[in-house]
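Asker:
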Amino acid sequence: MTKNLVIVESPAKARTIEKYLGKDFTVKSCNGHVRDLPKKDISIDLKNNYEPNYVILVEKKAIVQELKKYAKESEKVWLATDEDREGEAISWHLVEALNLDKNKICRISFNEITKSAVLKAIQLPREINRNLVDAQQARRVLDRIVGYQLSPLLWKKIKPALSAGRVQSVAVRIIVEREEEIKKFDTKYNFRVLCNFFKTDDNLKNTFLGELSHRFSNKEEAKAFLSECINFEFFVKDIEKKPTYRSPSAPFTTSSLQQESSRKLGFAVSKTMLIAQQLYETGKITYMRTDSVNLSDLAIKMCQKVIQSRFGDKYLCTRKYVTKSKGAQEAHEAIRPTEFQNQEIEGTKEQKNLYNLIWKRTIASQMSNAEIEKTQVSVNSPNPSFNFLVKGEVVKFDGFLRVYVESMDDAEDENGKDNKLLPDFKLNEKLNYHDIAAIQKYSQPPARYTEASLVKSLEEKGIGRPSTYAPTISTIQKRGYVVCESRKGSERSITKISLINNELKESEKEEIYGTEKNKLFPTDLGIIVNQFLSDYFQNIIDYQFTANIEDEFDEIAQGKIEWRKMIDVFYKKFHPQVEKSAGDSKKYSGERLLGVDPSCRKNVYVKVGKYGPVVQIGETNDPEKPKFASLLNLYSLDEINLEQAIELFSFPRSIGKLDGVEVIVNVGPYGPYVKKEKSFYQIPKNINPLKINLEQAKDIIEKKEFKGTGVVKEFEKNKDLAIRRGRFGIYIKYKNENYKVPKDLDPDNVTLEECIAIIDDPNSKSKGRRRKGKR
DNA sequence: CAGTGAGCGAGCTTCCGCTTGACTT
12 MTKNLVIVES
22 PAKARTIEKY
32 LGKDFTVKSC
42 NGHVRDLPKK
52 DISIDLKNNY
62 EPNYVILVEK
72 KAIVQELKKY
82 AKESEKVWLA
92 TDEDREGEAI
102 SWHLVEALNL
112 DKNKICRISF
122 NEITKSAVLK
132 AIQLPREINR
142 NLVDAQQARR
152 VLDRIVGYQL
162 SPLLWKKIKP
172 ALSAGRVQSV
182 AVRIIVEREE
192 EIKKFDTKYN
202 FRVLCNFFKT
212 DDNLKNTFLG
222 ELSHRFSNKE
232 EAKAFLSECI
242 NFEFFVKDIE
252 KKPTYRSPSA
262 PFTTSSLQQE
272 SSRKLGFAVS
282 KTMLIAQQLY
292 ETGKITYMRT
302 DSVNLSDLAI
312 KMCQKVIQSR
322 FGDKYLCTRK
332 YVTKSKGAQE
342 AHEAIRPTEF
352 QNQEIEGTKE
362 QKNLYNLIWK
372 RTIASQMSNA
382 EIEKTQVSVN
392 SPNPSFNFLV
402 KGEVVKFDGF
412 LRVYVESMDD
422 AEDENGKDNK
432 LLPDFKLNEK
442 LNYHDIAAIQ
452 KYSQPPARYT
462 EASLVKSLEE
472 KGIGRPSTYA
482 PTISTIQKRG
492 YVVCESRKGS
502 ERSITKISLI
512 NNELKESEKE
522 EIYGTEKNKL
532 FPTDLGIIVN
542 QFLSDYFQNI
552 IDYQFTANIE
562 DEFDEIAQGK
572 IEWRKMIDVF
582 YKKFHPQVEK
592 SAGDSKKYSG
602 ERLLGVDPSC
612 RKNVYVKVGK
622 YGPVVQIGET
632 NDPEKPKFAS
642 LLNLYSLDEI
652 NLEQAIELFS
662 FPRSIGKLDG
672 VEVIVNVGPY
682 GPYVKKEKSF
692 YQIPKNINPL
702 KINLEQAKDI
712 IEKKEFKGTG
722 VVKEFEKNKD
732 LAIRRGRFGI
742 YIKYKNENYK
752 VPKDLDPDNV
762 TLEECIAIID
772 DPNSKSKGRR
782 RKGKR
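Counting from 1 along the first sequence, just add 11 to a position and that's the residue number in this note's numbering.
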């Protein structure tokens, strides 16, 4: 036992710091908050000055016991939780939960984990900042009140087990509103004119693209312009050269890492965080939940050394980045490698890729600007007010581009890409062209959000924290407010008029538009929940709401206002809204009358029912009960028509016979299924139960029947290896070890070599085994 | 586990932010 106990928030941090502090210090981790409001009810005494009822979290009881024991035996307890609002509160809760002797405690903090920072912190102990703790209590209490008073309203008005909250409800609103914008979007088009020029003295006829500075609003105008181009003499009217530069992006924060890893590696937000956590725990990167772009001096020095030795002094440029994002608390460094000399690491493919991304981004952030020369050549046209513009870009010095280029959310327009390298032009030089084309171009509606771009939007609005971005994205999907999906686009025709060899030609071609890959769409339920909240609680889902209360939390932190007073002002306004909406008997179901069923002459409605979106034929209050049928994810509430609605009542239907037995398709409480004899087989999401044929049904049945446990496949060449099926699905057994396989592994087509590759991937080794080995 | 949806009422659901753990063939 040592004289000093240091408590930090995470075990990985504890391990590192223990090395810095030497044998007089024991460093332990409390693993985040140890006390909180219990889940079962609101646990805030609304009639008694908002007194919170904190309890020790069940999962932290063992840790609290252990810390108590250490604290008792130590002369001093150093509370080294993070240097932000939550960190301060964690320290205070530790004092309360561990019942610490006030004379024993020292509060210290450091926002980078380096030996010098830690040793310096030890020299500067202070008291717990009660104002900051109170700001956290206000935040906690407000979130609990909003969440636990809004959610029950949704259970009553819409359906059970729904939720609402300060953060998630805004996230849903963003998605719903974007969808509305897209729906409202009025697609227009115009004609852009592109010309492939070449120099008259160039026999190879290397072409470069020029675009007319004007777009024509219709085909006739475009055609008229093109015919004027016949036999027209083009020449270079103006040449403009502009030196410019590009600077590297700041090192990663949680949010920017999630965005880049989504764009460059295709990771979902949760996957990025999972892998980053693995890198953090194995000591390869710094802490991954941060809003800071700051690098420690030590990190900058290490970074410079690598840049100098690999690229030379010319590539070096020391930069200090400043956080722009709202409400940033900067308790940590930016996300960076711990050792810059390692560009590559050992690990799984995913770990390697994510690490490499972080390495490049951090290194690039300390490198020189890229110097670029932009050229714009103007070429005359038959209409004196328009010119063809040929744009070029040459990188004169690559600088940070040598290592890293940030990607953009919006894909570049392939026609609009600048010519990278242009030949030398002379003023008034005559130019020939190969062809000129006027192409119909439709305007683009705003883009749907990806998980990562939603995080970006939340961060910009100051809503949510690095530790909650990923969970929030998953909550709104779990509640069924939002789905992340890929959807097929539609076709439309584009008109192209081209001028080749002085001849005008008009052609049509089909273009696919609106294809979406892994984008967020609101569900009917999400739309209705949002409707309810905007009818009664506009102020809560207002984008400014969080920003405004953050200002008040800041005032609490500065000791200017008392936290209970702030909550009281809020609650006095909020609670009447709750009462008012609870009093209105109106249910929110999104009900819509589609028309009359021709066969029974009753009204056909669609709405969101207790079990999801349904079609209803007949009136709710009729003595004869109405009939119901699920929408089955095939249609949305506002798109389904009468005919489609009635077709949903065609179940159960027979689709033919297999082995002489009738096969029935039907919809049950667990979704659409195929039934053969007494067995049920779920129809997968990608098959439309209205259109399923016997062949597909047979497939589904055989796949399920194939199940059972035991060996699925063996290889002649290596009897040690077998593909087996267990309780949790397919896995590989090799000698006495079990290995996880990719979800999409098809045992029929896999080769021995592929199996061996899986075994070699450290990711697939069974965790149970590894733990046993460690003990 | 395989066709619920009225209305009544029991008892359940729910927030945001800090952190990892765990017995998976």
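Heads up, the beta-carbon is just placed ideally off N, CA and C, and yes, glycines get one too.
Keep in mind the model is a prediction, meaning the values are calculated, not measured.
Reducing DSSP to helix, strand and coil, say where serine 485 ends up.
Answerer: By 1-based counting over the first sequence, the position of residue 485 is 474. The answer is helix: DSSP assigns serine 485 an H, G or I state.
Asker: Relative to the C-alpha of leucine 90, which candidate in Trp103, Arg96 and Tyr81 has its C-alpha closest?
Answerer: Numbered from its first residue, the first sequence carries residue 90 at position 79. With distances taken between Cα atoms, leucine 90 lies closest to Trp103.
Asker: In three-state DSSP terms, what is glycine 427?
Answerer: Along the first sequence, one-based indexing puts residue 427 at 416. Its pLDDT being 46, under 50, glycine 427 is placed unreliably in this model, and the value from its coordinates should be taken loosely. Of the three classes helix, strand and coil, the one that applies to glycine 427 here is helix, per DSSP.
Asker: Round the Cβ separation of isoleucine 505 and glutamine 455 to the nearest angstrom and send it over; I've been treating them as touching at under 8 Å.
Answerer: Working through the first sequence from its first residue, we reach residue 505 at position 494. Working through the first sequence from its first residue, we reach residue 455 at position 444. Incorrect: roughly 14 Å between the Cβ atoms, too far for contact.
Asker: By how many angstroms is the C-alpha of glutamate 70 removed from the C-alpha of tyrosine 81?
Answerer: Position 70 of the first sequence, counted from the first residue, corresponds to residue 81. Position 59 of the first sequence, counted from the first residue, corresponds to residue 70. Each residue's alpha carbon lies about 19 Å from the other.
Asker: Our contact map puts tyrosine 326 next to glycine 410 with C-beta atoms below 8 Å; I'd like the distance itself, whole angstroms only.
Answerer: Here residue 326 corresponds to residue number 315 of the first sequence, with the count starting at 1. Here residue 410 corresponds to residue number 399 of the first sequence, with the count starting at 1. The pair is a contact, with the Cβ atoms about 6 Å apart (cut-off 8 Å).
Asker: Can you give the beta carbon distance from threonine 264 to alanine 345, rounded, assuming they're within the 8 Å contact cut?
Answerer: The residue labelled residue 264 in the question sits at position 253 within the first sequence. The residue labelled residue 345 in the question sits at position 334 within the first sequence. So it is a contact: roughly 6 Å between Cβ atoms.
Asker: If you compare alpha carbons, which of Lys337, Ser518 and Ile567 is closest to lysine 507?
Answerer: Start at 1 with the first residue of the first sequence, and residue 507 comes out as number 496. Ranking Lys337, Ser518 and Ile567 by Cα distance to lysine 507 puts Ser518 first.
Asker: Are tryptophan 370 and glutamine 354 close, meaning C-beta to C-beta below 8 Å?
Answerer: On the first sequence, residue 370 is found 359 positions in, with the first residue counted as 1. On the first sequence, residue 354 is found 343 positions in, with the first residue counted as 1. Closer than 8 Å, so yes.
Asker: Would glutamine 148 be called buried (16 or more neighbouring beta carbons within 10 Å of its own) or exposed?
Answerer: In the first sequence, counting from the first residue as 1, residue 148 sits at position 137. Buried, because 16 or more other Cβ atoms sit within 10 Å of the Cβ of glutamine 148.
Asker: Could you compute how far the alpha carbon of isoleucine 156 sits from the alpha carbon of glutamate 764?
Answerer: On the first sequence, position 145 is the one that residue 156 refers to. On the first sequence, position 753 is the one that residue 764 refers to. C-alpha separation (whole angstroms): 57 Å.
Asker: Buried or exposed: which applies to glutamine 841, given that a residue is buried once 16 or more other Cβ atoms fall within 10 Å of its Cβ?
Answerer: Examination of residue 841 is not possible in this model, given that the chain is present from 12 through 786 alone.
Asker: Classify isoleucine 28 as helix, strand or coil using the three-state DSSP reduction.
Answerer: As a first step, residue 28 is located in the first sequence; it is residue number 17 there, counting from the start. Secondary structure at isoleucine 28: helix, using DSSP grouped into helix, strand and coil.
Asker: Select from Ala481, Cys240 and Asp212 the residue whose C-alpha is nearest the C-alpha of serine 281.
Answerer: Within the first sequence, numbered from 1, the residue matching residue 281 stands at position 270. Among Ala481, Cys240 and Asp212, the Cα nearest to that of serine 281 belongs to Ala481.
Asker: Helix, strand or coil: which one does DSSP assign to glutamate 688?
Answerer: Your numbering for residue 688 matches position 677 in the first sequence. Glutamate 688: coil per DSSP, three-state reduction.
Asker: Have a look at the DSSP bridge pairing and note the partners of tryptophan 89.
Answerer: Translated into positions along the first sequence, residue 89 becomes position 78. Residue pairing by DSSP places tryptophan 89 opposite Val17 and Cys117 in a beta bridge.
Asker: So, is aspartate 302 buried or exposed, given that buried needs 16 or more other C-beta atoms within 10 angstroms?
Answerer: Here residue 302 refers to the residue found at position 291 when the first sequence is read from its first residue. It is buried - the Cβ of aspartate 302 has at least 16 other Cβ atoms within 10 Å.
Asker: Kindly give me the distance between the Cβ atoms of serine 258 and asparagine 380, rounded to whole angstroms, as I take these residues to be in contact under 8 Å.
Answerer: Indexing the first sequence from 1 puts residue 258 at position 247. Indexing the first sequence from 1 puts residue 380 at position 369. Rounded, the Cβ-Cβ distance is 5 Å, consistent with contact.
Asker: List the residues that DSSP assigns as beta-bridge partners of serine 518.
Answerer: Position 507 of the first sequence, counting from 1, holds the residue named residue 518. For serine 518, which the question treats as bridged, DSSP gives the partners Lys507.
Asker: Measure the C-alpha to C-alpha separation of lysine 618 and proline 609 and round it to an integer number of angstroms.
Answerer: As a position in the first sequence, residue 618 is number 607, starting the count at 1. As a position in the first sequence, residue 609 is number 598, starting the count at 1. About 20 Å.
Asker: Determine the burial state of lysine 210: buried for a count of at least 16 other Cβ atoms within 10 Å of its Cβ, exposed for fewer.
Answerer: Taking the first residue of the first sequence as position 1, residue 210 is located at position 199. Sixteen is the threshold: when 16 or more other Cβ atoms of the shown chains lie within 10 Å of the Cβ of lysine 210, as they do, the residue is buried.
Asker: Excluding sequence positions up to five away, which residues of its chain have a Cβ less than 7 Å from the Cβ of asparagine 391?
Answerer: As a first step, residue 391 must be located in the first sequence, where it is residue number 380. Once the five neighbours on either side are set aside, the close Cβ partners of asparagine 391 are Phe245, Phe246, Lys248 and Asn398.
Asker: Here's the rule: buried if 16 or more other CB atoms are within 10 angstroms of the residue's CB, otherwise exposed. What is glycine 427?
Answerer: The residue labelled residue 427 in the question sits at position 416 within the first sequence. Here glycine 427 scores only 46 on pLDDT, less than 50, and its place in the model is too uncertain to base an answer on.
Asker: Using the C-alpha atoms, what's the distance from threonine 526 back to serine 501?
Answerer: The count along the first sequence starts at 1 and reaches residue 501 at position 490. The count along the first sequence starts at 1 and reaches residue 526 at position 515. Each residue's alpha carbon lies about 7 Å from the other.
Asker: Only counting the same chain, and skipping five residues up and downstream in sequence, which positions put a Cβ closer than 7 Å to that of alanine 182?
Answerer: Translated into positions along the first sequence, residue 182 becomes position 171. Once the five neighbours on either side are set aside, the close Cβ partners of alanine 182 are Leu465, Leu469, Thr483 and Ile487.
Asker: For lysine 606, report the span of its beta strand (DSSP E) as first-last.
Answerer: The residue labelled residue 606 in the question sits at position 595 within the first sequence. The question names lysine, but residue 606 is glycine in the sequence shown. Run containing glycine 606: 603-607, per the beta strand (DSSP E) assignment.
Asker: State buried or exposed for lysine 14, treating a residue as buried only when at least 16 other CB atoms are found within 10 Å of its CB.
Answerer: As a working note, residue 14 is residue 3 in the first sequence. With fewer than 16 Cβ atoms within 10 Å of its Cβ, lysine 14 is classed as exposed.
Asker: Taking C-beta to C-beta, are serine 497 and lysine 528 nearer than 8 Å?
Answerer: Walking along the first sequence from the start, residue 497 turns up at place 486. Walking along the first sequence from the start, residue 528 turns up at place 517. Closer than 8 Å, so yes.
Asker: Nearest to leucine 111 by CA position, among Gly98, Lys79, Asn729 and Val129, is which residue?
Answerer: The residue given as residue 111 occupies position 100 in the first sequence. The option with the nearest alpha carbon to leucine 111 is Lys79.
Asker: Rounded to a whole number of angstroms, what is the C-alpha to C-alpha distance between phenylalanine 121 and leucine 135?
Answerer: Within the first sequence, residue 121 is the residue found at index 110, counting from 1. Within the first sequence, residue 135 is the residue found at index 124, counting from 1. Whole-angstrom Cα-Cα distance: 10 Å.
Asker: Per DSSP, what are the beta-bridge partners of threonine 255 in this structure?
Answerer: Here residue 255 refers to the residue found at position 244 when the first sequence is read from its first residue. Its beta-bridge partners are Ile383.
Asker: How should aspartate 424 be labelled, buried or exposed, when 16 other C-beta atoms within 10 angstroms of its C-beta is the threshold for buried?
Answerer: Position 413 of the first sequence holds residue 424. Low local confidence applies: a pLDDT of 48 at aspartate 424 is under 50, so the model's placement there is unreliable, and no value is given.
Asker: From which residue to which residue does the beta strand (DSSP E) around histidine 445 run?
Answerer: Translated into the one-based positions of the first sequence, residue 445 becomes position 434. Here the beta strand (DSSP E) through histidine 445 covers 441-453.
Asker: Between the beta-carbon of leucine 544 and the beta-carbon of isoleucine 538, is there less than 8 Å?
Answerer: Residue 544 sits at position 533 when you count from the first residue of the first sequence. Residue 538 sits at position 527 when you count from the first residue of the first sequence. Contact annotation: leucine 544 and isoleucine 538 have beta-carbon atoms that are not nearer than 8 Å.
Asker: Could you round the C-beta distance between alanine 656 and valine 685 to whole angstroms and report it? I think they count as a contact, below 8 Å.
Answerer: The sequence position of residue 656 within the first sequence is 645, counting from 1. The sequence position of residue 685 within the first sequence is 674, counting from 1. Not a contact, Cβ separation roughly 23 Å.
Asker: Tell me the rounded alpha-carbon separation between serine 40 and alanine 25.
Answerer: In the first sequence, residue 40 corresponds to position 29, counting from 1. In the first sequence, residue 25 corresponds to position 14, counting from 1. Going by the C-alpha atoms only, they are around 6 Å apart.
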